[in-house]
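Numbering (the working numbering), first residue to last: 514 to 931.
Where a beta carbon is used, it is the ideal one built from N, C-alpha and C, also for glycine.
What follows is a short report on a single structure.
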Ligand SMILES: [Fe+2]
């Protein structure tokens, strides 16, 4: 976890803390949290060469060097410039290069061309990180009491933002490595976590009216609010994730060559992309293999399927005679402890479009662009993956991607209605 000081998380807390920590205690906790998250980014990048860190294999995937700089720009732009007296921008060219999509924060470089930026080089980005690290640490230590709540609130958003990019750093480099005929290895020691054991079965989800959304237990993004009621009908949810073995049955039964299983847009993607299997799968000497963070490995039938798009998930559930859960059904089941591998394995597609919760309004200003402006044309995924950093997952978390995307660690679980 992020070790968030109680007064900060208390703005969501149902129960007030027994004793509010002093400002000095808050400073110490934030220093620790900041150092840990920043170090995790560098630890993930440390497996990669300078050349690895430049490559951009498709417009949706960013270079590692860009991720390292962009998360740093986020702290500079939203925390240091407004709140650190006398702060000097590290390099006046960087905001243009490393702003992602914040229109209110100024003009920015074209996303598909991030891989063309060989300069500033890796050492320049490392110096940028050190410069901003020192300034943020100074701000944590010196921010006056009156500004502390807002400063710590933005710092907290910046840390969760950096954690999101830590996962993207892995999904993006895996996509790049999958284009390389030499099958590069990110980390030879990496192993997928073993899936939960136990009988594969469906369990009843408690029907009725349930509150969903942020529950006050921890930090949340604005798209997890407001908490609101959802009506859950009678249904049963699979305790386990759909496995590679089940996906092999789908392939063998002609799943990728049967138009009636597919949404129209999904079938168009099958045709245009030539999909015959999940992302990164290859048949070698008659056996399926897949590119992983540990390189090319045989597909394990017992492991959860991953790198499938929403379109593939939708076709699979039609083939199986089942359905995808809505995001509310998923959240109620997760909170009831009904799901094996809800977190830390693969993100799970839901049949829910990514829409604002009732009464949601994005905040004013550039930070209001974080989530709200993407609430159309994408689908929600729930849970978390093995690439999600420690402490970043929660039951109310709403991930979202376009329905054709499959470079994330995305899988699915089934529901049936009774
Ligand atoms: Fe970002």
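Classification of residue i by the beta-carbon crowding that lies within 10 angstroms, buried from 16 upward
i           : result
residue 685 : buried
residue 717 : exposed
residue 671 : buried
residue 884 : buried
residue 889 : exposed
residue 625 : exposed
residue 896 : buried
residue 540 : buried
residue 564 : exposed
residue 725 : buried
residue 789 : exposed
residue 515 : Note that residue 515 has pLDDT 43, beneath the 50 cutoff, so the model's placement of it is unreliable and the number below is only indicative. Label assigned to residue 515: buried.
residue 727 : buried
residue 629 : exposed
residue 737 : buried
residue 638 : buried
residue 931 : exposed
residue 521 : In this predicted model, residue 521 has a pLDDT of only 35, less than 50, meaning its place in the structure is not dependable; the value taken from the coordinates is given anyway. It counts as buried.
residue 659 : exposed
Limits of the alpha helix (DSSP H) - the one that residue i falls within
i           : result
residue 690 : 661 to 691
residue 584 : 577 to 588
residue 929 : Looking at the DSSP string, residue 929 is not in any alpha helix (DSSP H); the run it does join, the beta strand (DSSP E), is 928 to 930.
residue 778 : 777 to 786
residue 545 : 536 to 558
residue 638 : 635 to 655
residue 721 : No alpha helix (DSSP H) holds residue 721; the beta strand (DSSP E) holding it covers 721 to 725.
residue 827 : 823 to 833
residue 610 : 607 to 611
residue 843 : 840 to 848
Under 8 Å between C-beta atoms of residue i and residue j
i           : j           : result
residue 835 : residue 929 : yes
residue 605 : residue 612 : no
residue 902 : residue 680 : yes
residue 584 : residue 675 : yes
residue 891 : residue 922 : no
residue 869 : residue 750 : no
residue 588 : residue 645 : yes
residue 894 : residue 860 : yes
residue 910 : residue 887 : no
residue 872 : residue 739 : yes
residue 719 : residue 855 : no
residue 924 : residue 818 : yes
residue 464 : residue 703 : An answer regarding residue 464 cannot be provided, because it is not within the stretch 514 to 931 covered by the chain.
Span separating the alpha-carbon of residue i from that of residue j
i           : j           : result
residue 756 : residue 537 : 49 Å
residue 865 : residue 845 : 14 Å
residue 847 : residue 761 : 27 Å
residue 610 : residue 569 : 14 Å
residue 774 : residue 792 : 19 Å
residue 549 : residue 559 : 15 Å
residue 917 : residue 832 : 18 Å
residue 771 : residue 926 : 21 Å
residue 551 : residue 668 : 12 Å
residue 599 : residue 648 : 10 Å
residue 745 : residue 694 : 48 Å
residue 820 : residue 657 : 47 Å
residue 767 : residue 616 : 45 Å
residue 805 : residue 698 : 8 Å
residue 712 : residue 741 : 33 Å
residue 852 : residue 733 : 21 Å
residue 705 : residue 581 : 25 Å
residue 769 : residue 824 : 11 Å
residue 596 : residue 663 : 9 Å
residue 810 : residue 631 : 32 Å
residue 858 : residue 905 : 13 Å
residue 826 : residue 735 : 27 Å
residue 787 : residue 780 : 10 Å
residue 840 : residue 752 : 16 Å
Cβ-heavy atom distance, residue i to ligand 1, below 7 Å
i           : result
residue 613 : yes
residue 905 : no
residue 622 : no
residue 678 : yes
residue 583 : yes
residue 673 : no
Span of the beta strand (DSSP E) around residue i
i           : result
residue 742 : 741 to 745
residue 912 : 912 to 914
residue 764 : Per DSSP, residue 764 belongs to no beta strand (DSSP E); it is in the alpha helix (DSSP H), 757 to 765.
residue 794 : 794 to 797
residue 860 : 860 to 866
residue 716 : 715 to 718
residue 811 : 808 to 811
heavy atom of ligand 3 below 7 Å from residue i C-beta
i           : result
residue 909 : Among the ligands in the structure shown, ligand 3 does not appear; only ligand 1 can be found there.
Chain D contact for residue i (CB, 8 Å cutoff)
i           : result
residue 661 : As a matter of chain content, chain D is missing from the structure shown, which is built from one protein chain.
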